[in-house]
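Whatever position you read off the sequence shown (first residue = 1), add 29 for this note's numbering.
For reference, the structure is listed below as C-alpha cells.
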Amino acid sequence: MSSLFRRLTFLLRPSWVILAVVVAGFAYLCFSVLAPWQLGKNTSTSERNQRIADSVHADPVDVGTMFGGSGKDTEWRRVTADGTYVPDSTVLVRLRHLGQDPAFSVLTAFTLDDGRAVLVDRGLIAAVNGSRPPVVPNPPSGKQHLEARVRASEGVVDTKPPMTEDGYRQVYSIDTQQDSAVLQLPLTPIPTNDRGGYLQLDENQPGAFTPVALPQLDAGPYLSYGLQWLAFGVMAPLGLGYFVYAEIRARRRERAESTVAPTESSKSAGTNEAEAADSAPAAPVPPTNEARLADRYGGTRR
C-alpha cells in the first residue's frame with residue numbers, strides 16, 4: 030500500500046489537481062445541466078408536437094370551457110369564440126417575419142358574449158420599406174364567430190418597453206398582461222402558462238391577415254445532443270484515468286531503465302580496462318651480459 034501511495038504522489042502536483050478539478054466540474058455539468066437541458070427540450074418539443082398533431086383532427090371547443098381549467102395541455106387547442114372586436118384596440122408586434130420579409134403581427138382585443146375580453150392575434154402584415162407599419166384595416170364590426178388556436182403568452186422583453194410610433198401602439202412580444210396595460214383594458218388570460226394565453230386566428234377568419242404557420246412537427250436534434258453530453262460526461266473521467274495510467278507506466282519504465290544503467294556501466298568499465306591492457310606495449314626485456322659487452326666493445330653477436 031505504501032509503495033502504491035508513493036507511486037501516486039505525483040497526482041498531488043498542482044497541474045494534476047487542476048486537471049482533475051476541471052474534469053470533475055465538466056462531468057458534473059454534463060450530467061446535471063447540459064444533458065438535462067437538451068433532454069428536457071426534446072421532451073417539451075415532443076409534447077408540443079403531439080398536441081399540435083392531436084388538434085388537427087380534434088373538433089374545436091368553445092373558448093369559455095378553457096377558463097375553468099388548469100392550463101395543462103391547452104396550448105394549440107382549437108377553439109371557437111363568439112363576440113365583437115373592441116374598437117381602437119390595435120397593437121402591433123415588431124420584428125416579425127412574413128416569409129423572408131419584415132412584418133408586424135396585428136393584435137386586437139375581442140369581447141366574448143359572456144363579457145370577458147381576450148387578446149386575439151389577427152396574423153401577419155408586411156412592413157412598408159422594411160421597417161414601417163402599413164395602414165392596418167380595422168376589424169369588422171358587429172357580432173363575429175371566430176375559430177382560432179390557444180397560444181401561450183411569450184413573456185415580455187424588459188429592455189424593450191412598449192412604444193407608440195407611426196400612429197400605432199407597438200410592442201416586442203405577444204403577452205396578454207403587457208397588452209392589457211398598453212390598452213388599459215382588462216384582458217382575461219386564457220389558462221396556459223403563468224402569464225396566460227391568447228387566441229391566434231385560423232385562416233379565412235373575420236379580420237384575419239396572413240396566419241402564423243404552425244411549427245414543423247420535428248423533434249429536432251435535442252435527443253442526440255443530450256446523449257452526446259452524457260457520453261462526454263463519461264468520456265472525460267475515462268480520459269483522465271487513461272492519462273494517469275500512462276503516467277504511471279512511463280514512470281515505471283524510467284525506474285527500470287535507471288536500475289539497469291549502473292550494472293551495464295560497470296561491465297563496460299571492466300571491458301575497457303581489459304582492452305587497454307591488451308593494447309599497451311610490452312615491457313622491455315632486460316639485455317643479457319653478452320649483449321651488453323658486445324655493444325660496449327663493438328663485438329658481434331653470435
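Virtual Cβ for every residue (Gly too), placed ideally from N, Cα, C.
Segment limits, alpha helix (DSSP H) that includes residue i
i	result
Ser44	43 to 58
Secondary structure of residue i, DSSP reduced to three states
i	result
Thr74	helix
Arg281	helix
Gly268	helix
Arg321	Low confidence applies to Arg321: its pLDDT is 47, below 50, so where it sits in the model is not reliable, and the reading given next is rough at best. It is helical.
Pro65	helix
Tyr227	strand
Glu286	helix
Arg330	Low per-residue confidence applies at Arg330: pLDDT is 46, beneath 50, and the placement is therefore not dependable enough to give any value.
Tyr201	coil
Val92	helix
Leu216	strand
Thr188	coil
Thr38	helix
Range of the contiguous beta strand (DSSP E) that encloses residue i
i	result
Gln207	Here Gln207 belongs to no beta strand (DSSP E); instead the alpha helix (DSSP H) covers 205 to 212.
Met192	192 to 194
Thr109	107 to 114
Thr140	130 to 141
Gln173	172 to 181
Leu124	120 to 127
Gly152	146 to 155
Straight-line gap, residue i to residue j (C-alpha atoms, nearest Å)
i	j	result
Ala110	Met192	29 Å
Lys172	His126	31 Å
Pro235	Tyr254	43 Å
Ser134	Gly159	14 Å
Pro190	Leu121	13 Å
Pro89	Arg77	18 Å
Phe238	Glu232	8 Å
Leu214	Trp105	25 Å
Pro240	Ile154	9 Å
Leu216	Ala181	14 Å
Gly225	Glu176	19 Å
Tyr271	Tyr251	30 Å
Arg123	Asn71	29 Å
Thr288	Arg42	25 Å
Val164	Asp130	17 Å
CB contact check: residue i to chain E, cutoff 8 Å
i	result
His174	The structure shown contains no chain E, having only a single protein chain.
Contacting residues, own chain, Cβ-Cβ under 8 Å from residue i (five flanking each side not counted)
i	result
Leu40	Val46, Ala49, Val273
Val186	Tyr201, Ser202
His174	Thr109, Ala110, Asp111, Pro235
Phe96	Arg145, Thr217, Ile219, Pro220
Minimum C-alpha distance to residue i - residue among the options
i	options	result
Leu136	Pro116, Arg284, Val186	Pro116
Pro166	Leu252, Tyr201, Gly152, Val179	Gly152
Thr94	Arg107, Asp83, Ser202	Arg107
Gln229	Pro89, Asp150, Val62	Asp150
Asp91	Arg80, Asp143, Leu216	Asp143
Asp208	Asp223, Asp195, Tyr227	Tyr227
Pro210	Gln199, Gly128, Leu243	Inspection of the sequence shows that residue 210 is occupied by Ala rather than by Pro. Ranking Gln199, Gly128, Leu243 by Cα distance to Ala210 puts Gln199 first.
Ser44	Leu269, Gly97, Leu216, Arg284	Leu269
Thr119	Pro169, Pro220, Lys70, Gly97	Pro169
Ser73	Asp102, Val289, Pro220, Arg280	Asp102
Ala82	Arg123, Leu243, Tyr114, Arg145	Leu243
Asp223	Gly100, Trp66, Gln79, Leu37	Gly100
Thr113	Gln206, Val147, Arg278	Val147
Ala138	Thr205, Leu63, Gly184	Thr205
Close Cβ partners of residue i (< 7 Å) along its chain, the five nearest in sequence each way excluded
i	result
Cys59	Trp258, Leu259, Phe261, Gly262
Pro162	Leu121, Phe133, Ala156, Asp195, Tyr197
Ala87	Arg107
Glu276	Phe39
Gly98	Pro220
Neighbourhood of residue i by C-beta distance below 6 Å, restricted to the same chain and skipping five residues each side
i	result
Ala265	Val52, Phe55, Ala56
Ser75	Ala248
Leu68	Gly255
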